[in-house]
Structure formats: C-alpha cells, structure tokens
Amino acid sequence: DLASKYPSAKVVGVECLRYCALHEISMPQRAVPVLDCTLRGNCISLSGFNTEKKAKLGDLVQALGGTISSGLSVGVTHLVANDLLSEKCKYAIKLLQSGQSDIKIVNETWLKDCWLCRRLQSEEKYLIPMDVFKGKRISCTGLDVPERTELSKLAKRFGAVFVANLDSKCSYLVANIASGAKIEFAQRREIPIVTQQWLVDCCLHYVCLPLNSEIIS
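Using this note's numbering, read the sequence shown as starting at 50 and increasing by one per residue.
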C-alpha cells in the first residue's frame, strides 16, 4: 500500500493544501493527517475525558491543523473540558480570574462545530457556565433582537436574571447607545451602564471584572 511504499509521506487534505497555497506557507510536516487549517495557530488542552475520548478529540484537533498540549503552558489558547471540576480547569479559572491568561474554556461541541463548519467558532455560546452573576439582575437597551437574545442566554447561563424592564433592583444595564429612557433611569439610580463586551469578558474570565473603561458615562 501507499503507507508502506512511502513511509515518510505526509497526508494533507484539499482544504489544507488550498490554505497553504493561498497564504504561501509551507505544508504541515506531521505524522498524522492534516485535513484542514481551521485551528492553525491554536493550541488545545483537554480535560475531564476518558482515554478513548481524549484520543479522538486529540485526533480531531490535529486534523484541523491545531496542536495538543497535555498541560496549560503559556501557548495554550483553548481548554476543551467536560466540566469545571478537574484540577486543570480550576487552575485555568484561577489564571483567568487573576488576569494571567486569556485561555478559553469551552465544551467539546465547540471543537465539533469547528470541524463541521470548517471555521473557527466564536467561543461565547460554548463556554462551560459558572455562577459569575448569581443574584444579579441585568437589563439591556439599544441591542437588536438577535444580540439581545444571545446576551440573555449567556447571562442566564452564568447565573443572572435577565429582565426586559429596567427597575431599581437591576445590577447592570447593558447598553449599545448613550441616551434614552433606560439610560436616564440608570443614571438617576446609579445603576452601572456597561458594554456587551464587558459582560462577555466577565463570562470568559469567570469573574465580575472591574468596570473601568467598560462603563458607559
């Protein structure tokens, strides 16, 4: 067969070949097949899976042009986890909360969707939730329906109560505009007015971040 006839040959997919030609870069030199470059430049660590599942996910990462790390070295971009209970996840969360890392902790569906779509997927909807906003009420203004729907889902997954009507019990107002009835009400009641990105970053880092420049004045 071809493998025995050409033992040093590297197996690459058409999409990988096209990507390398388009960007004028050298072909991957790996012992395993590289079918696509979706995860090129990304380093993935895995946590909470049995040996068989971890091997399959590792093969998927490499088939998409990514690299695998057994630990949480500086270059790791994503931690694909089954839950947040492992020591690796707990350590990753500590790094995120202290601002020492920007690693994204996502579930395995993120990896599978990257494969199915052949495109790097935004991490927000694949984050493994934790009660970052437990006891917080959040409302929004100036967002279109799709944005509001996605923001509501994210806030609820991370423990918040998302309400349509702003009241004095609200903890934050997420705004995409700098004026309006809700803005004026929030300013009178001294309710922090924050950006969408602030809320997303809080979820990504598993902590309520300081408002700093994210507050809208």
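Virtual Cβ for every residue (Gly too), placed ideally from N, Cα, C.
For the alpha helix (DSSP H) containing residue i, name the first residue and the last one.
i      : result
His72  : Note, His72: premise wrong, no alpha helix (DSSP H); not H, not E.
Leu145 : 136-146
Ile232 : 230-237
So, helix, strand or coil for residue i, using DSSP?
i      : result
Pro259 : coil
Val223 : strand
Thr116 : strand
Val249 : helix
Leu109 : helix
Val63  : helix
Leu51  : In this predicted model, Leu51 has a pLDDT of only 48, less than 50, meaning its place in the structure is not dependable; the value taken from the coordinates is given anyway. Helix, per DSSP.
Asp85  : coil
Leu121 : coil
If you follow the beta strand (DSSP E) that residue i is part of, which residue opens it and which one closes it?
i      : result
Asp129 : According to the sequence provided, residue 129 is Val. The question's Asp does not apply to it. Where Val129 is concerned, the enclosing beta strand (DSSP E) stretches over 127-130.
Ile240 : Segment: none, Ile240 is in no beta strand (DSSP E) and carries neither H nor E.
Ser96  : 92-96
Round the Cβ separation of residue i and residue j to the nearest angstrom and send it over; I've been treating them as touching at under 8 Å.
i      : j      : result
Tyr175 : Trp159 : 4 Å
Leu49  : Met179 : As shown, the chain starts at 50 and ends at 266. That puts residue 49 outside it, with no answer to give.
Glu172 : Val155 : 5 Å
Thr116 : Cys92  : 5 Å
Cys189 : Ala235 : So it is not a contact: roughly 11 Å between Cβ atoms.
Under a CB-based cut-off of 7 Å, is residue i close to chain C?
i      : result
Gln245 : The structure shown contains no chain C; it is built from a single protein chain.
Let me know the beta strand (DSSP E) ranges lying completely inside the region 155-217, each 3 residues or longer, listed in chain order.
186-190
Are the region 220-227 and the region 113-126 touching by the rule of at least three beta carbon pairs closer than 8 Å?
no
Does the count of Cβ pairs from the region 89-102 and the region 125-132 closer than 8 Å reach three?
yes
Any contact between the region 188-206 and the region 241-252? By contact I mean 3 or more CB pairs, one from each, below 8 Å.
yes
Quick check: the region 228-236 against the region 180-187, are at least 3 beta-carbon pairs closer than 8 Å?
no
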